[in-house]
Amino acid sequence: MDVAAAFDQTIFGIRLADLWQFIAIGFAAQVVDGALGMAFGAIANTLLIGVVGMPPAQASYRVHIIKCFTAAASGISHFLSGNVDNRMFLRLLLPGVIGGAIGAYGLSNVDAAVIKPLVLGYLALLGVILLLRGMRDTYEKGTARHVGPLGFLGGLLDAIGGGGWGPVVSSSLMLQGTEPRKVVGTVNSAEFFIAVIIAGTFLGQLGGEALLAPTIGLLVGGVAAAPFGAMAAKYLPTNFMLVLVGSVLSASSTIGLYMLLET
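The sequence shown begins at 490 in my numbering and counts up by one.
Set out below in structure tokens:
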């Protein structure tokens, strides 16, 4: 069998020649998410829908399934890199899980189109504030406040709108002056448990078939990228991280608002 014929073979319904694009999407999304504490869902969903042409529902399902694995790998990497604040982790965990469960099981009939513009507007504003703060010569440290409510809100919005844990929780904690690398590591570590709750709901509704096909490529790329994101979070300067987070957050939120207005 020659090389061309080998790449034409299929595994779980996907051509091996096409697998690379899903690996690349998973890798790119997780590098950014691991370093900045947000944007895995936004990047992966955008590329799956806009570049690959996958239906939105299938893209969202696969992203939440993959988050279970990438968040676990990312959390372990951040823990080994010393990026996790144990006290903050515990304060986020239970409210986040409760919010995710309520969003997944009790609020599935809420129209996400009503909520998304408000959330995106809030995140765009946070992004601009973080960007401006990162451009200062000094970084004003502060104490994390309202951690539990932020965790609850992040889990709730992540379940209802298909994203929100990282952007809402990470950006809000950074805005309070909490050390960025600790925020990123802690929020990413807690995300595993929120993702399991939400993905379990999808799995119960749609079955296990969607775990196959492109999901394999996303999983390979995402898990492989986890250590790189953790290392970036550990060594990037604080102000530089704020500028990156602010830029990604404001840009992705503005694009999201524009897409909502166009529909």
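Here a beta-carbon is modelled for each residue, glycine too, at the ideal position from N, C-alpha and C.
Within 10 angstroms of the Cβ of LYS630, are there 16 or more other Cβ atoms? Answer buried if so, exposed if not.
-> exposed
Beta-carbon contacts of GLN665 that lie in its chain and below 8 Å, excluding the five residues immediately before and after = GLY631, THR632, ALA633, ARG634
Please report the residue range of the alpha helix (DSSP H) in which TYR724 lies.
-> 703–724
Determine, using beta carbons only, whether SER742 and ALA613 come nearer to each other than 8 Å.
-> yes
ASP507 versus ALA524: straight-line alpha-carbon distance, rounded | 27 Å
Grouping DSSP H, G and I as helix and E and B as strand, with all else coil, what is SER570?
-> coil
With contact counted as at least three CB pairs below 8 Å, one residue from each stretch, are the region 547–567 and the region 656–664 in contact?
-> no
So VAL573 and THR675 are in contact, right, with Cβ under 8 Å, and what is the actual spacing, rounded?
-> 5 Å
If you draw a straight line from the C-alpha of VAL636 to the C-alpha of ILE587, how long is it?
-> 14 Å
Within this structure, are the beta carbons of GLY585 and PHE516 separated by less than 8 Å?
-> Between GLY585 and PHE516, the gap from beta carbon to beta carbon reaches 8 Å or more.
Determine the DSSP secondary structure at ARG580, reduced to helix, strand or coil.
-> In the structure shown, ARG580 adopts helical secondary structure according to DSSP, grouped into three states.
Please classify PRO624: does DSSP put it in a helix, a strand, or coil?
-> For the sequence presented, residue 624 should be read as Met rather than Pro. Note: MET624 maps to coil in three-state DSSP.
Does DSSP classify LYS556 as helix, strand or coil?
-> helix
Report the three-state DSSP secondary structure of GLN665 (helix, strand or coil).
-> coil
Relative to the C-alpha of PHE682, which residue among LEU708, LEU581, LEU707, LYS723 is closest?
-> LEU581
For THR535, name the three-state secondary structure that DSSP assigns.
-> helix
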